[in-house]
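Here's the structure, in structure tokens; my notes come after.
4 protein chains.
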Amino acid sequence: MSSDIVFIGLGHMGLPMALNLVKAGCQVSGHDLVAASVEQFAAGGGSTGQDLAAALGAAKVIITMLPASRHVEGAYLGASGILAQAAPGALLIDCSTIAPDAARKVAAAAREKGFTMLDAPVSGGTAGAAAGTLTFMVGGSDEGFALAKPYLEKMGKAIFHAGGNGSGQTVKVCNNMLLGILMIGTSEAIRLGMANGMDPKVLSEIMVKSSGRNWALEVYNPCPGVMENAPASKGYSGGFGVDLMLKDLGLAVENSLSTGSSVPLGALARNLYDIHSKSGAGGLDFSSIFKMLAKAE
Amino acid sequence: MSSDIVFIGLGHMGLPMALNLVKAGCQVSGHDLVAASVEQFAAGGGSTGQDLAAALGAAKVIITMLPASRHVEGAYLGASGILAQAAPGALLIDCSTIAPDAARKVAAAAREKGFTMLDAPVSGGTAGAAAGTLTFMVGGSDEGFALAKPYLEKMGKAIFHAGGNGSGQTVKVCNNMLLGILMIGTSEAIRLGMANGMDPKVLSEIMVKSSGRNWALEVYNPCPGVMENAPASKGYSGGFGVDLMLKDLGLAVENSLSTGSSVPLGALARNLYDIHSKSGAGGLDFSSIFKMLAKAE
Amino acid sequence: MSSDIVFIGLGHMGLPMALNLVKAGCQVSGHDLVAASVEQFAAGGGSTGQDLAAALGAAKVIITMLPASRHVEGAYLGASGILAQAAPGALLIDCSTIAPDAARKVAAAAREKGFTMLDAPVSGGTAGAAAGTLTFMVGGSDEGFALAKPYLEKMGKAIFHAGGNGSGQTVKVCNNMLLGILMIGTSEAIRLGMANGMDPKVLSEIMVKSSGRNWALEVYNPCPGVMENAPASKGYSGGFGVDLMLKDLGLAVENSLSTGSSVPLGALARNLYDIHSKSGAGGLDFSSIFKMLAKAE
Amino acid sequence: MSSDIVFIGLGHMGLPMALNLVKAGCQVSGHDLVAASVEQFAAGGGSTGQDLAAALGAAKVIITMLPASRHVEGAYLGASGILAQAAPGALLIDCSTIAPDAARKVAAAAREKGFTMLDAPVSGGTAGAAAGTLTFMVGGSDEGFALAKPYLEKMGKAIFHAGGNGSGQTVKVCNNMLLGILMIGTSEAIRLGMANGMDPKVLSEIMVKSSGRNWALEVYNPCPGVMENAPASKGYSGGFGVDLMLKDLGLAVENSLSTGSSVPLGALARNLYDIHSKSGAGGLDFSSIFKMLAKAE
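Residue numbers (the working numbering), protein chains in the order written: chain C, 1 to 297; chain R, 1001 to 1297; chain S, 2001 to 2297; chain V, 3001 to 3297.
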């Protein structure tokens, strides 16, 4: 399949995603405010230098990968934004991680103008983006999902249809809130065992076969030395940063306010990551919350 | 293998455990303060009516299954307790769920008198006890573990050696604290998704394939209707009761105090279950914490 | 002083506030979407029935008392809103309790059009509004504060200048978050004492003279029977409702997200009030959180 | 009044307390395991060098000031302990801060042997101990309280009778749990205001006149520079240390477990102080929790 795609947002995630579309044979016009990112995209075979308005008017598919709700609202809703410039029938896919409320707002505006729009946030990090193994959680109509799937499959390997507009963001927010909680919970449990003299590896091996089993115990143990390839065993480098987890927990708490939901553990998790980040750990992998629970070295 | 076992504590868990030993061909002398329990044991083929002191003096293996630390301390350490009455060489196995500190204290006293003692708390509930499919988490020496394993295998199917004395209790406390946290976190995540209009089944199916995966999502979904056989779909009946989870979280918090550990989520989980219990839910399955997060019906 | 005031928002708080201005001799044109409220204002001597646009164009002072951020933004920023209709030189005073971010946004828009605007949220409840004993926390310039003070003094007895625009809302949000925390903390302390057999009155009397002293212990004890006139002794009726506290804690948590602040206790307090409200207590006084900490009757 | 007092425990608190008894004209025999402390007591005019058993047998009043529950239990209940050695009619006063359960246990043993015993923990810190301005919270009978009061007045200025045995400890535990919560809540509120650009002094001054008022805002502001004499303005030196607050919060949480109480904020406060202590702040004043809520310098 060859197609005209406009890709806006060539950052740490967007660049490798857009390049995977290029590698798959798509014609992709890349856009970013950072010149260096555009150059990297060009170096990888992407098409650059087009006037954005003209490119938007000619594209069949427009994909955005932006930092936060306000950037997405700006990109789509502005006077010279995507909804104002895109050609009738263009498929709009926002891969940014933003508030479900913002996703629904933008999608409603798109629908009013006759566009099919999807929220399709990803998980898998920069490694998954580079390898084309991202997970996409997609919100939007069945028709929209069917149209988008071939493109998403060039960038990821698991493509879930979560429900109507905003559902992709909702799943991401819910999943990552749960992840933030289970990482702290797992860290507390291992620390408690160690304080009783236990070997963290033995403890982890028993718990992963018991009712405490969870993703962190399976593949991402927060205790250094238990899993050779986990960020914990590499100085908490790589992986998913504390400040990214903090952003996602912020979206979860924000959503709990707008929906009137109770998230006592989720809200506490946000504040613990916030305190951890303020202590200087913002750039470490999020499993480094394990460090906060023991005496500083 | 036929042997002389004394089994003390024929309650909801102890009775079916002791009966499984009987079914496996062991000679078991059963003891409990509650006459009705002793009768049930006799009706199931158990041996009853022996003088406890005499039985203790003759037993090769002494197994206890009691409610709390103070009962275990009383049973072993009292002037006419197990350590005073048991024959030299008897193997002592405490299957109660108690504080790791108490387990270490009793084991140390046993060791001083030359006994081999193990802490071997279980998980799996009354159903697992009846079916002989319990999980045992065992603390004690390698030799002790090897001696005890044949007996434990008659009552359970997974027998883990966690480490030295107290390690069995430690694993149980750590695992169940983590479980308590995961169940609330999973409930919060599903509730948050539902408040955004999502189908809890679709949300759960995506999260179980993502980084939010955990035991509750896999086999024990707290949302009614998502899993046919989970307690949530049966009015939160059966399963593991709120007050039992509350007891285990109490042991975890108590242990965090004696070891100087940080358990912010674990401590909050205990208080949430405590509030839930006080509202009248103490007898429901612990996944009913899901109900606390939505408007009362 | 006689003046032309437009007062928008004649709800439970706004109506008695506007009537106090009338009693003080001001000419006040009252406006509300609810006809019954307007009639009550007329019955109290207020001026009603004017065309809003015309009234805004003629007013020296415009006061708003609205439910939430979005209503205030709508009233001021809309195409036919206050900023579009007010006469040059009019003094704008928003007494609503809204997000500091929203207050700063509206004030910036007002400033751009040359208006002096103040955020002046109140505390003291409907009783304080009726008695003219409200506390005003005012954000805005020194000049604006000096201009507004004579009007505010007709409705309240303590008028604080907190700083620049948004500071009034900030103080209210910070104070009420702290209040929400100290009410739960005080309830926990009294419950813990009672669980040890103590007389809650004796315990409260000693703590109020010690380092646990706080406003709740001084004038608003949450335990029924300790203070005759506290809502707790009147079935938790009157006072400041759970759902109002929940709204203010929501503003605090929202603000913690937009400013990147850590509020672990504040966030937990919001979730505890949310759970309490969902159990059916939304309409009770907020000190009824004391009930949540004991067995349901 | 001149009398024969035995004072056991001449640490940071006990030494100045015992010396105040000496200054008031009492004959006080001082005992401590640390020779240096005994020497300091002698240098201050205290009587030292007596055989403890003999001194106990001769004393009218026996006062203990020890670190924790286990030391108190050891001192009173041991085979050669106070209850075994004291003369009939001796008045026993324990000024240690220990678990209410432990206080009741020791008092019950004392009562059984015919002794009148009081738990009389203090607040006011080492400064208050030196100045003789401590607050005593006393549990025990009316008669016991009347007997003890003249002695306590030589060491303190506020002497509260809280109720029966254990009530002194209960008040202390409840009060200090509330204090720990209030200090964090106050810190969160001030930090949140500062993040909105407010002057912490102005914010504090308004809140102390509002419903957020509490002891910390009145006399112990945690923000450096707001109160000249508060520990916050002296590098968080002096005052009441983080690790002492942590100990008291541990007693509160322990008591919540033994009494089946809900203390969600109290339990979270303990964990936040624990994390703060582990980061290296254990020796700072407890108001330094304010530092944990902002970026590390």
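Beta carbons: idealized from backbone N, C-alpha and C, even for Gly. All values reported here derive from a predicted model rather than from experimental measurement.
Contact of Ser1279(R) with chain V is not assigned, every C-beta pair being separated by 8 Å or more. For Asp2285(S), there is no enclosing beta strand (DSSP E), since its DSSP letter is neither H nor E.
Under the three-state reduction of DSSP, Asp2101(S) is assigned to helix. Among the CB atoms of chain C, none fall inside 8 Å of the CB of Lys3247(V). Here DSSP, grouped into helix, strand and coil, assigns Thr3186(V) to helix. Under the Cβ criterion of 8 Å, Ile275(C) is counted among the residues facing chain V. By the Cβ neighbour-count rule, Ser2237(S) is exposed, with fewer than 16 other Cβ atoms within 10 Å of its own. Leaving aside the five residues that flank Leu2249(S) on each side, the residues in its chain whose CB is nearer than 8 Å to its CB run, in chain order, Asn2176, Met2177, Gly2180, Gly2266, Ala2269, Arg2270, Tyr2273.
Annotated three-state conformation of Leu33(C) is coil, per DSSP. Beta-carbon to beta-carbon, Met2065(S) and Cys2095(S) are separated by about 5 Å, close enough to satisfy the 8 Å threshold. Within chain S, the residues Leu2192 have their CB atoms less than 8 Å from the CB of Ala3252(V), given in chain order. With respect to the 8 Å criterion, Ser29(C) and Gln50(C) are classified as neighbours on the basis of their beta carbons. Comparing alpha carbon positions, the residue from Arg2070(S), Gly2124(S), Ser2256(S) closest to Met2013(S) is Gly2124(S). Among the residues of chain C, those whose CB is under 8 Å from the CB of Ala2267(S) are Val253, Ala267, Leu268, Arg270, Asn271, following chain order.
For Met2177(S), the residues of chain V that pass the 9 Å Cβ criterion are Gly3185, Glu3188, Ala3189, Leu3192, Gly3212, in the order they occur in the chain.
For Gln2027(S), the three-state secondary structure derived from DSSP is strand.
Looking from the CA of Ile2159(S), the closest CA among Arg2191(S), Gly2193(S), Val2122(S) belongs to Val2122(S).
Note that the C-beta distance between Pro1222(R) and Met1183(R) is below 8 Å.
Ala2055(S) and Val2006(S) do touch by the CB rule: their CB atoms are close to 5 Å apart, below 8 Å. DSSP places Val2226(S) outside any beta strand (DSSP E), giving it a letter other than H or E. Short of 7 Å from the beta carbon of Ser3233(V), and not among the five residues preceding or following it, lie these beta carbons of its own chain, in chain order: Pro3224, Gly3225, Met3227.
Ranked by how close their Cα comes to the Cα of Ser1047(R), the residues Leu1010(R), Ala1110(R), Leu1147(R) have Leu1010(R) in first place. Taking CB atoms only, Pro1067(R) has no neighbour in chain V less than 8 Å away.
In the three-state reduction of the DSSP assignment, Lys234(C) falls in the helix class. As far as DSSP is concerned, Ile2206(S) takes part in no beta bridge.
Listed along chain S, the residues sitting closer than 7 Å to Val263(C) by beta-carbon distance are Asn2271. For a cut-off of 8 Å, the C-beta gap from Ser2279(S) to Ser1187(R) is around 16 Å, too long to register as a contact. Interface residue (Cβ-Cβ distance to chain C less than 8 Å): Lys3234(V) is not classified as such. Counting the other CB atoms within 10 Å of its CB gives Gly89(C) a total below 16, which places it among the exposed residues. In the DSSP annotation of this structure, the continuous segment of the beta strand (DSSP E) that includes Phe3160(V) starts and ends at 3156-3163. In the structure shown, Gly3241(V) adopts extended strand secondary structure according to DSSP, grouped into three states.
Against Ala2294(S), the close residues of chain R are Lys1278, in the order they occur along the chain (beta-carbon pairs closer than 8 Å). At a C-beta separation below 9 Å, Leu77(C) has no neighbours in chain S, since its nearest C-beta there lies roughly 16 Å away. Judged by DSSP in its simplified three-state form, Leu3091(V) adopts strand.
Rounded to the nearest angstrom, the gap between the Cα atoms of Ser1261(R) and Arg191(C) is 7 Å. DSSP places Asp2142(S) in the uninterrupted alpha helix (DSSP H) bounded by 2142-2152.
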